[in-house]
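From first to last, the protein sequence lines are chains S and W. The opening position of the first sequence corresponds to residue 1 in our numbering, with each subsequent residue numbered one higher. The opening position of the second sequence corresponds to residue 1001 in our numbering, with each subsequent residue numbered one higher.
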Amino acid sequence: MRDAMHLETSRALDAVSRDASDVADFPSLTAEQERRLAWMLNTYFDSVWRTGRRIGLHNAQAQENAQEVFAVAARKLDCIEAGRERTFLLGVAVRLAANARRKMSARIDEVAVDPLELQALDATPLAEELLAQKQQRSLLDRILLSMSDVLREVLTLYEIEELNLSEIAKILEIPEGTAASRLRRSREEFTRKLERVATHIAHSKERP
Amino acid sequence: MNQPRRFKEEPVLGREGRLMALGSLEVPAPEVKQDVARRLGISATVLASAAAATAVAPSAAAATFSSASVGSLSAAFGKVTGSFIATTLAKATVIGLGLGIASYTGVRLIRSRLPANNPPLTAASTVAPRRPERAAENHGVAVSALQDRGAETVNTVARAAASDNPGATVVAIEHTVSSDSLAPAAASVGRFEDVEPHTASPSIASTSTESLTGQDPEGNAAAATRAGAMPADPRLAREVRSLDLARSCANHGDAAGALKELNGFDRNYGYIALQKEAMLVHIDVLLSLGHRVQAAAIARQLLLAGAPATRRASLEALVLGQP
Chain S
1 MRDAMHLETS RALDAVSRDA SDVADFPSLT AEQERRLAWM LNTYFDSVWR TGRRIGLHNA
61 QAQENAQEVF AVAARKLDCI EAGRERTFLL GVAVRLAANA RRKMSARIDE VAVDPLELQA
121 LDATPLAEEL LAQKQQRSLL DRILLSMSDV LREVLTLYEI EELNLSEIAK ILEIPEGTAA
181 SRLRRSREEF TRKLERVATH IAHSKERP
Chain W
1001 MNQPRRFKEE PVLGREGRLM ALGSLEVPAP EVKQDVARRL GISATVLASA AAATAVAPSA
1061 AAATFSSASV GSLSAAFGKV TGSFIATTLA KATVIGLGLG IASYTGVRLI RSRLPANNPP
1121 LTAASTVAPR RPERAAENHG VAVSALQDRG AETVNTVARA AASDNPGATV VAIEHTVSSD
1181 SLAPAAASVG RFEDVEPHTA SPSIASTSTE SLTGQDPEGN AAAATRAGAM PADPRLAREV
1241 RSLDLARSCA NHGDAAGALK ELNGFDRNYG YIALQKEAML VHIDVLLSLG HRVQAAAIAR
1301 QLLLAGAPAT RRASLEALVL GQP
């Protein structure tokens, strides 16, 4: 029974790309379905939106992506196993965001360095906190964008959304070992890129 | 599968952890969610009631888990005691006596940790007076926690009548505990209500009962009176009582005792209705003990779960490792 439901969920995930194109066209919901969808929206909207942002979408795109995710969920409500809503939603979010990203410009290879961003990491007086946070998030996003899609997805789901490896493996439909390997590589790459930015800043400071 | 510690969970938050924490804390503007709900055809009423259900859902899960645990424990206990009784009645008697002594010792231990001048039993434990902003802050958290869960069993009004403390805004949590029973009796839990100073309503004051008139520990003349008796939720009362005890310990410099109470209650029952309030108390206690890393970890969870607006900035600063 459980396997059958999991299979249904997987089929629903597979159909995401096809279904996402006609977002507005989903069947009217029963009162019970509307309540469940509202609950899912309340509970997981932030996570879904944030996943889109970290995977590389702009603010408006992240909102559109989140809306598409919940439109898909509305159509597939009966296939979503109770207790697995988050996995389903984040799975759809990652796929849709990856599709959207592919339509955008290719990923950047080098992280453009803004000295203010790294300085903001080290010292953040309260008065400038908001600005500093914005700069730091910008740096985070650009480092993530400079990574390959597969590494970025795993890193985002593990480090930002705090999913465990088994959940990530299910969402991305890869073996758990592969997920672990991607996570290790992504963490190393993230650290390396951040170090490179720091070194660049240090050198630029030494120059008159 | 061995899972590496997340960057933001490192004892000393590095640059990676700081960036990841910041990434986790970003949330969309509230109107974005409402806009999406509207486009999906979810009515505002359903969305609002879902907000309450969102808060209740973990409670339901926890309650199920708790019931299951209690059920399995009871079954196991039944098997064990059954075999003992079958073997020898004397052994069962010894076990019963042992349990009795252990329970008695436990209750004595708890009572010994309560401050002497704070009547712990059959009394209204009044968390007052506090600084107005602090009281309002807690009021907001507690009320939202209660309202989110649709708690309708709350029924007590606290009144500030202290002539020597005119600025005091009182937030009172009343509960009664049977002094004759080792187990807490069904408790009535108060509604949290901020009261303007010098506005004690005679009609409400006249309904006070002697068993519910409390004295605050600092000798102020603040009195808690009761508006009307309604059926209480024992689970909520238990949480209030535990938090009250933890706060009391913390206020009297016994941070370790407060931590023990919080951890013990969380392990045995779990804070459900007042989960966010408990997390805030936990963070304060951990900080007072110097356990900044643990406090930051709880703060992060609280921020992800939706921290009260009044504490959000300080919690974010804590998570990001700022002083």
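We put the beta carbon where it would ideally sit given N, CA and C, even for glycine.
| Item | Value |
| --- | --- |
| Which residues, in chain order, does the region 1263-1295 of chain W contribute to contact with chain S at a C-beta distance below 8 angstroms? | none |
| What separation, rounded to the nearest whole angstrom, lies between the Cα atoms of residue 1298 (chain W) and residue 1291 (chain W)? | 11 angstroms |
| When you compare the CB of residue 1039 (chain W) with every CB in chain S, is at least one pair closer than 8 angstroms? | yes |
| With DSSP run on the structure shown, which of helix, strand or coil describes residue 1012 (chain W)? | coil |
| Run the CB neighbour count on residue 78 (chain S), radius 10 Å, all protein chains shown included, and call it buried at 16 or more, exposed below. | exposed |
| Along chain W, which residues have their Cβ under 8 angstroms away from the Cβ of residue 191 (chain S)? | 1016 |
| So does the region 141-160 of chain S actually touch the region 1039-1046 of chain W, counting three or more Cβ pairs closer than 8 angstroms? | no |
| Who are the Cβ neighbours of residue 1321 (chain W) in its own chain at under 6 angstroms, not counting the five residues just before and after it? | 1013 |
| Return helix, strand or coil for residue 55 (chain S), following the three-state DSSP convention. | helix |
| Cutting at 8 angstroms between CB atoms, please list the residues of its own chain near residue 141 (chain S), excluding the five before and the five after it. | 53, 54 and 56 |
| Does any C-beta atom of chain S lie closer than 8 angstroms to the C-beta of residue 1012 (chain W)? | no |
| List the residues of chain W whose Cβ lies closer than 7 angstroms to the Cβ of residue 149 (chain S), in chain order. | Neighbours of residue 149 (chain S) on chain W: none; closest Cβ ~17 angstroms, over 7 angstroms. |
| Quick check on this structure: which residue in S:83, S:134, S:98 and S:74 has the alpha carbon closest to the alpha carbon of residue 28 (chain S)? | S:74 |
| Among the candidates S:145, S:60 and S:82, whose CA atom is the shortest distance from the CA of residue 266 (chain S)? | Lying outside 1 to 208, the shown extent of chain S, residue 266 (chain S) is not represented and no answer is given. |
| Using a C-beta cutoff of 8 angstroms, does residue 1006 (chain W) count as contacting chain S? | yes |
| Under three-state DSSP, which class holds residue 147 (chain S)? | coil |
| Express the C-alpha separation of residue 88 (chain S) and residue 173 (chain S) in angstroms, rounding to a whole number. | 12 angstroms |
| Is there a C-beta anywhere in chain W that falls below 8 angstroms from the one on residue 38 (chain S)? | yes |
| If we count the other Cβ atoms within 10 Å of its Cβ and call it buried at 16 or more, is residue 199 (chain S) buried or exposed? | exposed |
| Using C-beta distances below 8 angstroms, list every residue in its chain close to residue 202 (chain S), excluding the 5 sequence neighbours before and after it, in chain order. | none |
| Can the beta-carbon of residue 44 (chain S) be found closer than 8 angstroms to that of residue 81 (chain S)? | no |
| Within the same chain, show all residues whose beta-carbon is closer than 8 angstroms to that of residue 176 (chain S), passing over the 5 residues directly before and after it, in chain order. | 165, 166 and 169 |
| Could one say the Cβ of residue 1240 (chain W) lies closer than 8 angstroms to chain S's Cβ atoms, at least one of them? | no |
| Straight-line CA distance for residue 99 (chain S) to residue 70 (chain S)? | 16 angstroms |
| Cβ atoms of residue 1050 (chain W) and residue 38 (chain S): under 8 angstroms apart, would you say? | yes |
| Provide the residue span of the alpha helix (DSSP H) that contains residue 80 (chain S), from first to last. | No alpha helix (DSSP H) contains residue 80 (chain S), which DSSP labels as neither H nor E. |
| Assuming contact is defined by CB atoms lying nearer than 8 angstroms, are residue 136 (chain S) and residue 1022 (chain W) in contact in what I supplied? | yes |
| Going along chain W in order, which residues have a C-beta closer than 9 angstroms to the C-beta of residue 46 (chain S)? | 1026, 1027, 1028, 1033, 1304 and 1306 |
| What in chain W is Cβ-close to residue 70 (chain S), meaning under 8 angstroms? | 1036 and 1040 |
| Using DSSP with H/G/I as helix, E/B as strand and the rest coil, what is residue 104 (chain S)? | coil |
| By the DSSP assignment, the alpha helix (DSSP H) with residue 172 (chain S) in it spans what residues? | 165-172 |
| Helix, strand or coil for residue 1034 (chain W), going by three-state DSSP, please let me know. | helix |
| Among S:134, S:188, S:204 and S:66, which one has its Cα closest to the Cα of residue 152 (chain S)? | S:188 |
| Since I believe residue 65 (chain S) is in contact with residue 90 (chain S) (beta carbons under 8 angstroms), could you give me their beta-carbon distance rounded to a whole number of angstroms? | With a Cβ gap of about 12 angstroms, residue 90 (chain S) and residue 65 (chain S) do not count as contacting. |
| Please check if any C-beta of chain W sits within less than 8 angstroms of the C-beta of residue 162 (chain S). | yes |
| Could one say the Cβ of residue 66 (chain S) lies closer than 8 angstroms to chain W's Cβ atoms, at least one of them? | yes |
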